[in-house]
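Colleague:
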C-alpha cells in the first residue's frame with residue numbers, strides 16, 4: 257500500500273512538473289511548410305516568418321494520426337535526440353523527410369507506412385527551454401494515375417476534408 261501511495265505521489269508530481277513547464281512555454285505552434293520529396297512528406301522550417309527561428313536544434317520529432325475524439329492518436333514515427341548525441345540543426349528552408357535517418361537519434365517508433373486518405377500531424381520540438389513547438393498537418397491522397405499526393409489542408413483548399 258505504501259509503495260502504491262509513493263508511486264501515485266511521484267506520478268502526480270511528475271505530471272504537475274510537466275504541466276507547469278508546458279504552461280510556462282505555451283505558445284501557438286509555428287507552422288511548418290509541408291513539401292513532397294521523393295513521394296514522402298517533408299516538414300520544412302519556414303523560409304520566412306516572424307515567429308520562426310532562423311535555426312533550431314532538434315530535440316524530438318513525431319508524426320501521428322488522430323483516430324477519434326476519445327481514442328489515442330496512432331504514432332507513425334517518433335525520434336528523440338539524447339543529450340549525449342551530437343546536435344542536429346534545421347535551418348530556414350531545410351526539410352526533414354518522413355522516415356529520414358538522423359545520426360545519433362533514438363528512434364522510439366520506426367516509420368510506418370502511411371495510410372492513404374488519412375490526415376497526419378507532424379511536430380518538431382526544439383532543444384533548450386526557449387521557443388515554441390513547430391507543427392503542421394498533411395494528408396496522403398491517392399492520385400488518379402497511381403501514386404500518392406501529399407496535400408496540406410489550407411494550401412490546397414482542404415483536400416483532406418474526406419480524409420480521416
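In the numbering used here, the protein residues as written are 257 to 420.
Glycine included, every Cβ here is placed at the ideal spot set by N, Cα and C.
1. Kindly indicate the opening and closing residues of the beta strand (DSSP E) around residue 374.
2. Just to check my reading of the structure: residue 359 and residue 310 have Cβ atoms closer than 8 angstroms, yes? What is that Cβ distance to the nearest angstrom?
3. When you compare only the Cα positions, how much space is there between residue 278 and residue 329?
4. Here's the rule I'm using: 16 or more other beta-carbon atoms within 10 Å means buried, otherwise exposed. How should residue 382 be labelled?
5. Using 8 angstroms for Cβ pairs, my map puts residue 337 next to residue 315. What's the rounded Cβ distance?
6. Residue 335 to residue 313, Cα distance in whole Å?
7. Measure the beta-carbon distance from residue 376 to residue 320 and round it to whole angstroms, keeping in mind my assumption that it falls under 8 angstroms.
8. Once the 5 residues before and after residue 352 are set aside, which same chain residues still bring their CB inside 6 angstroms of it?
9. Who are the Cβ neighbours of residue 331 in its own chain at under 6 angstroms, not counting the five residues just before and after it?
10. Could you tell me the distance, in whole angstroms, from the CA atom of residue 380 to the CA atom of residue 345?
11. Hey, could you find the ends of the beta strand (DSSP E) residue 345 is sitting in?
Modeller: Put simply:
1. Counting from one through the chain shown, the residue named residue 374 turns up at place 118. 374 to 382 is the span of the beta strand (DSSP E), which, as asked, contains residue 374.
2. As a first step, residue 359 must be located in the chain shown, where it is residue number 103. As a first step, residue 310 must be located in the chain shown, where it is residue number 54. Not quite, the Cβ-Cβ distance comes to about 22 angstroms (not below 8 angstroms), so this is no contact.
3. Residue 278 sits at position 22 when you count from the first residue of the chain shown. Residue 329 sits at position 73 when you count from the first residue of the chain shown. Low per-residue confidence applies at residue 278: pLDDT is 42, beneath 50, and the placement is therefore not dependable enough to give any value.
4. Looking up residue 382 in the chain shown gives position 126. By the beta-carbon neighbour count (other beta carbons within 10 angstroms, threshold 16), residue 382 is buried.
5. For this step, residue 337 is matched to residue 81 along the chain shown. For this step, residue 315 is matched to residue 59 along the chain shown. Residue 337 to residue 315, Cβ: 6 angstroms. Contact.
6. Position 79 of the chain shown holds residue 335. Position 57 of the chain shown holds residue 313. So the alpha carbons of these two residues sit roughly 14 angstroms apart.
7. Here residue 376 refers to the residue found at position 120 when the chain shown is read from its first residue. Here residue 320 refers to the residue found at position 64 when the chain shown is read from its first residue. Confirmed, about 7 angstroms.
8. The sequence position of residue 352 within the chain shown is 96, counting from 1. Within the same chain, residue 352 has close Cβ partners 299.
9. Taking the chain shown and counting its residues from 1, one reaches residue 331 at position 75. Only 320, 365 meet the Cβ criterion.
10. What you label residue 380 is simply residue 124 of the chain shown in a count that begins at 1. What you label residue 345 is simply residue 89 of the chain shown in a count that begins at 1. Distance between the alpha carbons of residue 380 and residue 345 is about 11 angstroms.
11. Looking up residue 345 in the chain shown gives position 89. Segment 345 to 347, the beta strand (DSSP E) holding residue 345.
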